[in-house]
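Visitor:
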Amino acid sequence: MPNDTTQVNINSGGTAQNTYDAIVIGSGISGGWAAKELCDHGLKTLVLERGKDVVHIKGYPTATKNPWDFPHRGQMPLQVEQENPVVARCYAYSEASDHFFVKDKEHPYIQEKPFDWIRGYQVGGKSLLWARATQRWSKFDFMGPARDGYAVEWPITYEELAPWYSHVELFAGISGNKDGLETLPDGEFLPPWELNCAESDLLQKINANYKDRHAIIGRCAHLTQPKQIHLDQGRQQCQARTLCERGWPYGVYFSSNASTLPWAQKTGNMTLRPDSVVHSIIYDEKKGKASGVRVIDAKTKEATEYFAKIIFVNAACLNSNLVLLNSTSGRFPNGLGNDNGLLGKYIAFHNYRGTITATIEGFEDQYFYGRKPTGAMMPNFRNVYKQEMDFQRGYMVHFMGGRGRSYGNGNSEIGGEYKDGMTEPGSWGMFMMMQGETIPKETNHVRLSKDQKDPWGIPQLITSVSYDDNDEKVLKDFLTQGAEMMDRAGYKHINQNDSKQAPGLDIHEMGGVRMGKDPKTSLLNKWNQLHTCNNVFVTDGACMTSTSTQNPSLTFMAITARAANHAVEELKKGNI
Ligand SMILES: Cc1cc2nc3c(=O)[nH]c(=O)nc-3n(C[C@H](O)[C@H](O)[C@H](O)COP(=O)(O)OP(=O)(O)OC[C@H]3O[C@@H](n4cnc5c(N)ncnc54)[C@H](O)[C@@H]3O)c2cc1C
């Protein structure tokens, strides 16, 4: 019986022992924030994490290794890449970060259409791995669906979220410059990083050549100058190593492990339970609300139930969809809260297919110091104030300038001249990458397999998500405009590239349990409560109504903090 994961109605710990005020499913970026806020307000909170424990400082085995300390100097062997084609496509996956990425075979899913699902199953989730670009969304992003008529209207505005952006920024530590742009609102910033000469050059030229385009230094979750609140978390100033995906003992970049989780732990209110795979949420038909969760132990496969007054679902977008779809009951035969049949639908992501490179003449007498963790950014300039293109919405642009090695005169790949050349810096170059908004569509969906289960007895997820004509038009516009911006800047050897990568590799998946005003067309209300089961809150990417062109994680943090504070208020009032 302990290994029979189809029968999970076992409460091995006894109801009282397994009862908390709140349960948080997942300990990544959004789960960490839910835990911190709930614990700060005195709620006894159980954080359930399916992966292994990663304790800050102790849990980063490769953090201080040199390239020669790795058997393959950091490269993954070909065999491993061939066995794990999905994760191997992620730029951050290497011998140094291998231990924080999910391997394809260990956690199967079914790709009805190609979808690169990149996951980090451990305490801290993908917060250990992320690239830390942290922009606020603008009012235009929240207004987009209402104005353009795609997806449904957001039930919240930028103005409602702004104080919560400030709340999470001050604690997480975001570096940036106050640029005064309507399309990219300023936040509570630590000092910005400095652009190098190539990035400054392009930034000045774009700003001079185009009235509608404004490039700025990137905003990122790094402590350029820690404040007391960061020192209180035990975090230190960034040393610009850019080896973050290994984890870093000084806690210079924001991760759940360095920041929110140890903070929650210090309140004495958090119980963190790694190796706990949430199977489903238990619905109490008599009370008309959720009473707890069913958990399968990742190692022993033993089933246990835990109970709480409120449940935060933060397993990351697609896994939150999975947990809810798998939470069936007499009242909700198609998944928790799924009266309208829209659970798992309107999945969207970011279109990262377009990149452009170019070489820059000049600046030979200039170099840069350290490896700064951000380049420059240009917020979306298409369809902002009015619909003006033959596609919906638009794209932001990340760009990064750098200087390679010279490799001698380029005529040889061996010998003294080649070796001498390697000691000299080469020419400057520029790299541009698009981040396009995709339109949530009912056809882009995930659902559960009826016959295939994972090793924990949970139905496998089927992903059915693809690009559409709008994405092709957005890509074409970026490639044309990006090349023109480089050309007008005087750059040479401009090379446009369409990676044709599958959706998912952007690692910004959103939707499936979207927020909205109307229970007929959405799953969650403006406080992230399921319309039909109000003690369940979904505050990760699954809740997003649309995707904007900005990176999403700062918005997940702000939405989570806002929802957690609302949950506490409602609990006090006896409304849930
Ligand atoms: C290489 C890389 C670069 C990125 N760069 C950026 C960036 O620059 N900016 C940005 O905004 N975002 C970026 N992202 C995306 C960012 O990491 C995610 O948006 C963010 O981590 C999502 O937070 P989350 O809490 O929803 O999910 P996660 O951080 O993934 O946490 C989810 C947690 O839930 C756990 N879990 C899943 N299922 C269950 C279950 N059934 N039971 C119990 N636990 C479960 C997982 O193990 C995991 O720990 C990047 C991601 C990667 C990998």
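Residues in the sequence shown are numbered from 1453 upward in steps of one, following our numbering.
By construction, the Cβ of each residue, glycine as well, lies at the ideal position given by its N, Cα and C atoms.
1) Helix, strand or coil for serine 1728 per DSSP?
2) Name, in chain order, the residues that DSSP records as bridge partners for aspartate 1476.
3) What is the DSSP secondary structure of aspartate 1903, reduced to helix, strand or coil?
4) Please list, in chain order, all residues of the same chain as glycine 1881 whose beta carbon is under 8 Å from its beta carbon, the five residues on each side excluded.
5) Mind checking isoleucine 1914: buried by the 16 CB within 10 Å criterion, or exposed?
6) Can you tell me the Cα-Cα spacing of threonine 1807 and valine 1532, whole angstroms?
7) In terms of residue numbering, what span does the beta strand (DSSP E) encompassing tryptophan 1880 cover?
8) Less than 9 Å separating the beta-carbons of tyrosine 1657 and methionine 1937?
9) Given this structure, state the Cα-to-Cα distance separating tryptophan 1520 from leucine 1581, to the nearest angstrom.
10) Could you check where the alpha helix (DSSP H) with asparagine 1659 kicks off and where it finishes?
11) Rounded to the nearest angstrom, how far is the Cβ of alanine 2010 from that of valine 1620, given a contact under 8 Å?
12) Quick one: is serine 2028 buried, meaning 16 or more other Cβ sit within 10 Å of its Cβ, or exposed?
13) For asparagine 1949, which of Thr1991, Met1884, Gly1964 has the nearest alpha-carbon?
14) Kindly indicate which three-state DSSP category valine 1926 falls into: helix, strand or coil?
15) So for isoleucine 1959, helix, strand or coil by DSSP?
16) State the CB to CB distance for the pair isoleucine 1748 and glycine 1577, rounded to an integer number of angstroms; the pair is presumed to be in contact (CB under 8 Å).
17) I'd like the list of long-range same chain contacts for valine 2020, defined as Cβ closer than 8 Å, with 5 residues on each side in sequence excluded.
18) Rounded to whole angstroms, what is the Cα-Cα separation between asparagine 1766 and glutamate 1961?
19) Taking only the alpha-carbon atoms, compute the straight-line gap between asparagine 1648 and valine 1898 and give it to the nearest angstrom.
20) Helix or strand or just coil, what does DSSP make of lysine 1944?
21) Just confirm the distance between the C-beta atoms of valine 1917 and phenylalanine 1567, as a whole number of angstroms; I'd bet it's less than 8 Å.
22) Starting from phenylalanine 1623, trace the alpha helix (DSSP H) both ways and give me its first and last residue.
23) What three-state label does DSSP hand threonine 1712 in the structure shown?
24) So the beta strand (DSSP E) aspartate 1749 belongs to, where does it begin and stop?
25) Is threonine 1915 helix, strand or coil by DSSP?
26) Please find out if some non-hydrogen atom of ligand 1 comes closer than 8 Å to the beta-carbon of glutamine 1953.
27) Within 10 Å of its beta-carbon, does alanine 1468 have 16 or more other beta-carbons around it, so buried, or fewer, so exposed?
28) Give me the DSSP bridge partner(s) of cysteine 1769.
29) By the DSSP assignment, the beta strand (DSSP E) with asparagine 1987 in it spans what residues?
30) Can you confirm whether the segment 1926-1933 touches the segment 1785-1796 when touching is taken to mean that 3 or more C-beta pairs between the two stretches lie within less than 8 Å?
Guide: With the given structure in hand:
1) Assigned with DSSP and collapsed to three states, serine 1728 falls in strand.
2) At residue 1476 the sequence reads valine, which differs from the aspartate that was named. The partner list for valine 1476 (beta bridge, DSSP) reads Val1499, Phe1764.
3) Aspartate 1903: strand per DSSP, three-state reduction.
4) The answer, listed in chain order, is Ala1650, Thr1809, Ala1810, Thr1811, Ile1812, Gly1853, Gly1854, Arg1855, Gly1856.
5) Buried, since its Cβ has 16 or more Cβ neighbours within 10 Å.
6) Cα-Cα distance, rounded: 27 Å.
7) Looking at the DSSP string, the run of the beta strand (DSSP E) that includes tryptophan 1880 is 1877-1889.
8) Sequence check: residue 1657 is lysine here, not tyrosine. Cβ distance < 9 Å, so lysine 1657 and methionine 1937 count as in contact.
9) Straight-line Cα distance between these residues: approximately 22 Å.
10) 1649-1661 is the span of the alpha helix (DSSP H), which, as asked, contains asparagine 1659.
11) Contact between alanine 2010 and valine 1620 holds, with the beta-carbon distance rounding to 5 Å and staying under 8 Å.
12) Sequence inspection shows isoleucine at residue 2028; the serine mentioned does not correspond to that position. Buried is the call here.
13) Here the closest residue by C-alpha is Met1884.
14) Assigned with DSSP and collapsed to three states, valine 1926 falls in helix.
15) Three-state result, isoleucine 1959: coil.
16) Not a contact, Cβ separation roughly 18 Å.
17) Within the same chain, valine 2020 has close Cβ partners Glu1489, Leu1490, His1493, Leu1495.
18) Distance from the CA of asparagine 1766 to the CA of glutamate 1961, rounded to the nearest whole angstrom, comes to 13 Å.
19) Each residue's Cα considered, the two are about 43 Å apart.
20) The answer is strand: DSSP assigns lysine 1944 an E or B state.
21) With a Cβ gap of about 5 Å, valine 1917 and phenylalanine 1567 count as contacting.
22) Looking at the DSSP string, the run of the alpha helix (DSSP H) that includes phenylalanine 1623 is 1610-1624.
23) Three-state DSSP puts threonine 1712 in a helix.
24) Unbroken beta strand (DSSP E) run through aspartate 1749: 1741-1749.
25) DSSP, read as helix, strand or coil, puts threonine 1915 in strand.
26) No, the Cβ of glutamine 1953 stays beyond 8 Å of every heavy atom of ligand 1.
27) So alanine 1468 counts as exposed.
28) Cysteine 1769 is bridged by DSSP to nothing; it lacks a bridge partner.
29) Counting along the chain, asparagine 1987 sits inside the beta strand (DSSP E) bounded by residues 1985-1990.
30) Contact fails: fewer than three Cβ-Cβ distances are below 8 Å.
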